[in-house]
Amino acid sequence: MGGFPITSTSPPQSDTSAVVEQFLSKILETLDGSIPNPQSITQILPQLHQHPRIIIDGNPFGSKEQFQQLWATLPLSTHQVASCDVHFIPSSDGQQVNPNQGQFIVLAHLKVRFDESGRNRVGETALFNSAPTSSTRAIWSHWFGVSLSFVVDSTISNNFNTESISTWDYRFTESPVNSIFQVN
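Just so you know, we're using this note's numbering here: the sequence shown kicks off at 42 and counts up by one.
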């Protein structure tokens with residue numbers, strides 16, 4: 042019987058779910074943040090690999106930059122995590138399993154709402170009159186449901202600020218009827 046000798050299938054830290062949940066919060070902050078100028082779009086999900094597999098609502102994206110450019114044009118958002126399921130897959134060198142290295146497969150159910158005031162993350166608006174309005178306060182939509190699944194390297198156990206996400210699938214599962222922001 043040829044097989045991999047498995048000594049342990051636990052990742053390097055004892056409570057990896059907590060680490061992954063902290064990482065999830067960190068990456069959602071990058072999605073929710075405003076961008077001071079259009080050149081700062083690299084602040085949006087910088088944890089993506091250089092050539093990740095990205096799918097948004099069933100539509101594939103060709104590159105990390107293409108996704109970041111699209112996300113920068115969207116209104117401000119705020120995410121909340123409803124649930125998070127984490128599984129660790131140890132890596133193998135062909136001879137044996139390395140329980141200290143591998144990948145996490147994450148499935149999270151989220152709620153997200155968008156600013157309906159008419160501005161995108163960079164603060165741009167489609168209005169011809171560029172005079173500042175009296176209020177720049179966000180007008181939040183009702184909550185949308187989102188299913189997020191992604192694959193991330195176990196290196197996040199040591200550092201959240203690395204290009205560690207290889208796969209990203211973000212799907213809207215529920216849309217409020219009375220929102221200005223529409224998801225097709």
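We treat Cβ as the ideally placed atom computed from N, Cα and C, and that holds for glycine.
Its Cα nearest to that of Ser-188, the residue Arg-212 stands out among Arg-212, Ala-113, Ser-195, Leu-86.
Asp-56 counts as exposed, since fewer than 16 other C-beta atoms from the protein chains shown sit within 10 angstroms of its C-beta. Cβ neighbours of His-183 within its own chain (closer than 7 Å, five residues either side excluded): Arg-154, Pro-217, Asn-219, Ser-220.
Ranked by Cα distance from Val-122, the options Gln-137, Glu-70, Ser-158, Asn-200 are led by Glu-70.
When Cβ pairs closer than 8 Å are counted between the two stretches, the segment 198-214 is seen to touch the segment 96-104, the count reaching three or more. Exclusion of the five residues before and after Glu-204 leaves Gln-88, Leu-89, His-90, Gln-91 as the residues of its chain whose Cβ lies within less than 7 Å of its Cβ. Beta-bridge partners assigned by DSSP to His-120: Val-153. A Cβ-Cβ contact shorter than 8 Å links Asn-161 with Thr-114. Burial of Pro-93 is indicated by the presence of at least 16 other C-beta atoms within 10 angstroms of its C-beta. Contact between Leu-86 and Gln-109 holds: their C-beta atoms lie close to 7 Å from each other, under 8 Å. Take Asn-202, set aside five residues on each side of it, and the residues of its chain with a beta-carbon closer than 8 Å to its own are Pro-87, Gln-88, in chain order. A direct Cα-Cα distance of roughly 6 Å separates Asp-126 from Val-147. Scanning Gly-186, Phe-129, Gln-137, Glu-215 for the CA closest to the CA of Asp-194 turns up Phe-129. Contact annotation: Val-60 and Ile-197 have beta-carbon atoms nearer than 8 Å.
Distance from the CA atom of Pro-79 to the CA atom of Val-163, rounded to whole angstroms, is 6 Å. A residue is called buried when at least 16 other Cβ atoms come within 10 angstroms of its Cβ; Lys-105 meets this threshold and is buried.
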